[in-house]
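Student:
Numbering (this note's numbering), first residue to last: 99 to 206.
1) Which residue wins for smallest C-alpha separation from residue 160, given the options 126, 133, 125, 202?
2) Within 8 Å of any Cβ in chain B, is that where the Cβ of residue 162 sits?
3) Starting from residue 182 and walking both ways along the alpha helix (DSSP H), at which residues does that stretch end?
4) Which term fits residue 106, buried or exposed, when burial requires 16 or more other beta carbons within 10 angstroms of its beta carbon?
5) Can you tell me where the alpha helix (DSSP H) holding residue 113 begins and where it ends?
6) Residues in its own chain within less than 6 Å of residue 194 by CB, not counting five upstream and five downstream?
7) Would residue 172 be called buried (16 or more neighbouring beta carbons within 10 Å of its own) or exposed?
8) Could you give the DSSP three-state label for residue 129: helix, strand or coil?
If you want it as C-alpha cells, here you go:
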C-alpha cells in the first residue's frame, strides 16, 4: 500500500480522534511537506481538508443517532467539551449540532 492509501486508511480509522495531520505523516514515515504535495497531486484536495472532511462525516453520522447526546458525540470525536465541538461543527455547517440533528431527523 502506498503512502497516500495508507494515510487515507489511517484517517478513516481515526476520524473520531483529534489528531493533527502531522500525526499521520509520522505514522507513514514521511515529512509533512512531502506528503502534503503528494496527497494534493493524487487526490486533488489538501491533506488538511481531507482530514476535516473525514472528521465531519463521522460527526454527522454520530449525530444521526437520536439516542446519543451532543456531549457524547463531542467526546467521541475527541473534543474536550461540547462547546468546542459546537463551534467546530457550526463553522462548517452554519448550524449547531442540535439544529443539524433536528433538520436531519425531519428529513428522514
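The beta-carbon is built from N, C-alpha and C at its ideal position, and this holds for glycine as well. Since the structure is predicted, the reported quantities are computational estimates derived from the model, not experimental observations.
Tutor: Based on what the coordinates show:
1) 202
2) Reference to chain B is not applicable here, since this structure consists of a single protein chain.
3) 180-191
4) buried
5) Premise fails: residue 113 is in no alpha helix (DSSP H) and is neither H nor E.
6) 184, 188
7) buried
8) coil
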